[in-house]
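Visitor:
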Amino acid sequence: MKRLQILLFAFLMAVATLPIYQAHGAEWSMTEDMGLHLKMNMNGVSPHVERLNGVDRVWRSDGPTGTVASDCTDDGLCTNVTISGRLGNDFTVVTFSNGTKRAYFKEVEGANQQVYSALCLDAGCTGIGAKTITTTDMRVPSTIKAWGVPDAVLLPDGRVRIYIVESPVEGKCTEKIASYISADGISFTKEPGWRFENGYVDTEILRAKQGDYVMIMADIACTSSRRQMLFMSTSKDGLTWTTPEMLTGPGVEGLDPTGYEVTPGVFRIYYSQGGPNQTFVVKRGTLKYTPAPVVTATPTPTPTPTITPTPTPTPTPTPTITPTPTPTMTATPAPTPTKAAAAKKITITCVKGKTIKKVTAINPKCPAGYKKK
Numbered sequence: 010m011k012r013l014q015i016l017l018f019a020f021l022m023a024v025a026t027l028p029i030y031q032a033h034g035a036e037w038s039m040t041e042d043m044g045l046h047l048k049m050n051m052n053g054v055s056p057h058v059e060r061l062n063g064v065d066r067v068w069r070s071d072g073p074t075g076t077v078a079s080d081c082t083d084d085g086l087c088t089n090v091t092i093s094g095r096l097g098n099d100f101t102v103v104t105f106s107n108g109t110k111r112a113y114f115k116e117v118e119g120a121n122q123q124v125y126s127a128l129c130l131d132a133g134c135t136g137i138g139a140k141t142i143t144t145t146d147m148r149v150p151s152t153i154k155a156w157g158v159p160d161a162v163l164l165p166d167g168r169v170r171i172y173i174v175e176s177p178v179e180g181k182c183t184e185k186i187a188s189y190i191s192a193d194g195i196s197f198t199k200e201p202g203w204r205f206e207n208g209y210v211d212t213e214i215l216r217a218k219q220g221d222y223v224m225i226m227a228d229i230a231c232t233s234s235r236r237q238m239l240f241m242s243t244s245k246d247g248l249t250w251t252t253p254e255m256l257t258g259p260g261v262e263g264l265d266p267t268g269y270e271v272t273p274g275v276f277r278i279y280y281s282q283g284g285p286n287q288t289f290v291v292k293r294g295t296l297k298y299t300p301a302p303v304v305t306a307t308p309t310p311t312p313t314p315t316i317t318p319t320p321t322p323t324p325t326p327t328p329t330i331t332p333t334p335t336p337t338m339t340a341t342p343a344p345t346p347t348k349a350a351a352a353k354k355i356t357i358t359c360v361k362g363k364t365i366k367k368v369t370a371i372n373p374k375c376p377a378g379y380k381k382k
């Protein structure tokens with residue numbers, strides 16, 4: 010019985026000390042910096058932003074001249090940046106570990122459109138050098154509309170990956186996201202498979218760390234709202250991604266999102282939003298990541314068992330020891346000495362030749378030369 014009680018107590022203690030676990034869900038939320046676009050006064054599509062010298066440099070496609078750029082302060086005051094030469098469309102920039110910058114962009118040239126790269130001529134990438142073909146695989150007929158918007162990103166191992174919208178078949182929400190990889194940032198090869206399917210477009214990598222990738226993207230108006238919405242996805246290797254999670258909220262809709270991480274889990278996002286007569290305005294918002302709360306597993310209370318006390322046994326009285334009497338010693342009288350009897354003399358006859366001699370004594374012996382007869 011006592012052993013059973015000990016085992017029950019040990020079980021209850023184990024349940025009471027169950028470890029905590031963390032829920033796997035998390036929340037992405039985004040709010041528009043309401044009304045700030047009026048102050049920024051930027052139009053265009055395919056914006057790309059880099060933080061430079063305390064301001065946001067925002068490149069964007071705005072008209073037949075290709076890409077233009079503006080520097081925007083934190084409170085939304087934007088000033089135009091002088092551009093040297095043509096920068097192409099869907100402009101994006103990668104900064105390498107040695108500090109050099111390379112631009113990636115799309116050009117429509119006659120019957121084809123192609124993704125190129127070129128070395129930036131200055132730290133602000135206001136001019137570029139000679140353009141180089143990335144790969145002939147990133148070239149399609151100019152008649153294909155839902156194609157391009159390359160997003161180039163420097164990977165933790167120093168390689169460059171380009172995510173790009175492709176349309177292998179025509180139809181509603183058939184766009185896919187492919188990826189191309191390069192060891193030197195110049196020559197690219199296509200990676201197997203698709204990163205996304207079913208109408209996701211305009212990807213932008215917001216974080217690219219070992220085992221930790223964050224991406225924002227748009228769709229091609231594939232939800233019930235029939236408007237282009239913004240989505241979030243994460244990955245451990247940049248190839249396999251979680252199911253995109255739609256962002257909701259007033260003003261949080263559009264296309265071509267771009268941004269950077271301001272503080273851990275907080276991102277500044279620029280994106281384009283359509284208006285009347287095929288016009289597009291650039292807006293800004295704040296994206297936040299809220300980790301899942303830590304939840305403690307609370308076990309169902311188990312009634313405390315009543316411990317039945319073990320009865321105390323009645324002590325057995327200690328027997329009284331009766332001392333054994335000491336025996337009385339009786340003195341034994343000393344024996345009366347017996348007087349020794351007097352020794353008796355013996356007579357023997359000794360002979361030597363013809364001579365006979367008698368010897369009398371207690372222990373008689375013949376003299377020398379005589380023999381006892």
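Mapped onto this note's numbering, the consecutive letters of the sequence shown carry residue numbers 10 to 382. Cβ atoms here follow ideal geometry from the backbone N, Cα and C, with glycine treated the same way. All of these numbers come straight from a predicted model, not from anything done at the bench.
Mind checking His33: buried by the 16 CB within 10 Å criterion, or exposed?
Guide: Legend: pLDDT at His33 = 47, less than 50; position of this residue unreliable, value from coordinates given subsequently. With fewer than 16 Cβ atoms within 10 Å of its Cβ, His33 is classed as exposed.
Visitor: When burial is assigned at 16 or more other CB atoms within 10 Å of the CB, is Asp84 buried or exposed?
Guide: Exposed.
Visitor: Report the residue ranges of all alpha helix (DSSP H) runs contained in full by the region 27 to 111; include only those spanning at least 4 residues, in chain order.
Guide: Listed in chain order, they are 45 to 49.
Visitor: Counting pairs of beta carbons, one from the region 190 to 198 and one from the region 206 to 226, are three or more of them closer than 8 Å?
Guide: Judged by Cβ distances under 8 Å, the region 190 to 198 makes no contact with the region 206 to 226, as fewer than three pairs qualify.
Visitor: Tell me which same chain residues have a C-beta within less than 8 Å of the C-beta of Ile153, skipping the five on either side of it?
Guide: The residues are Gln122, Ser176.
Visitor: Using only the alpha-carbon positions, how far apart do Met147 and Val124 sit?
Guide: One C-alpha to the other measures close to 6 Å.
Visitor: Counting only the same chain and skipping the five closest in sequence on each side, list residues whose C-beta sits under 6 Å from that of Lys361.
Guide: Once the five neighbours on either side are set aside, the close Cβ partners of Lys361 are Gly378, Tyr379.
Visitor: Rank Lys292, Pro159, Asp246, Val275 by C-alpha distance to the C-alpha of Asp99 and give the top, closest one.
Guide: The candidate whose alpha carbon is nearest that of Asp99 is Pro159.
Visitor: Check the DSSP bridge columns for Arg293 and list the partner residues they point to.
Guide: Note: Arg293 sits in a beta bridge opposite Tyr279.
Visitor: Is Tyr279 near the ligand FMN, judged by its Cβ being under 7 Å from some heavy atom?
Guide: In the structure on display, the ligand FMN does not appear, and there are no ligands present to speak of.
Visitor: What would DSSP say about Thr144, mapped onto helix, strand or coil?
Guide: DSSP places Thr144 in coil when its eight states are reduced to three.
Visitor: Could you compute how far the alpha carbon of Val178 sits from the alpha carbon of Ala306?
Guide: Cα-Cα distance, rounded: 49 Å.
Visitor: Whose CA, out of Val117, Thr143, Leu215, lies closest to the CA of Arg60?
Guide: The option with the nearest alpha carbon to Arg60 is Leu215.
Visitor: Helix, strand or coil: how does DSSP classify Gln219 here?
Guide: DSSP places Gln219 in coil when its eight states are reduced to three.
Visitor: Measuring alpha carbon to alpha carbon, tell me which of Thr143, Asp65, Cys231 ends up nearest Glu270.
Guide: The residue with the shortest Cα to Cα distance from Glu270 is Asp65.
Visitor: Keeping to the same chain, check which residues put their C-beta closer than 7 Å to that of Leu27; ignore five residues upstream and five downstream.
Guide: A caution first: Leu27 carries a pLDDT of 40, below 50, which makes its placement in the model unreliable, though a value can still be read off. Only Ala306, Pro308 meet the Cβ criterion.
Visitor: Can you check whether the CB of Thr356 is closer than 8 Å to the CB of Lys374?
Guide: Cβ distance not < 8 Å, so Lys374 and Thr356 don't count as in contact.
Visitor: Do Tyr280 and Pro266 have their C-beta atoms closer together than 8 Å?
Guide: Yes, Cβ-Cβ distance for Tyr280 and Pro266 is below 8 Å.
Visitor: 8 Å is my cut-off, CB to CB: does Met51 come that close to chain C?
Guide: Here there is only one protein chain, and chain C is not present.
Visitor: Please list the terminal residues of the continuous beta strand (DSSP E) segment that includes Lys367.
Guide: Element bounds for Lys367: 364 to 370.
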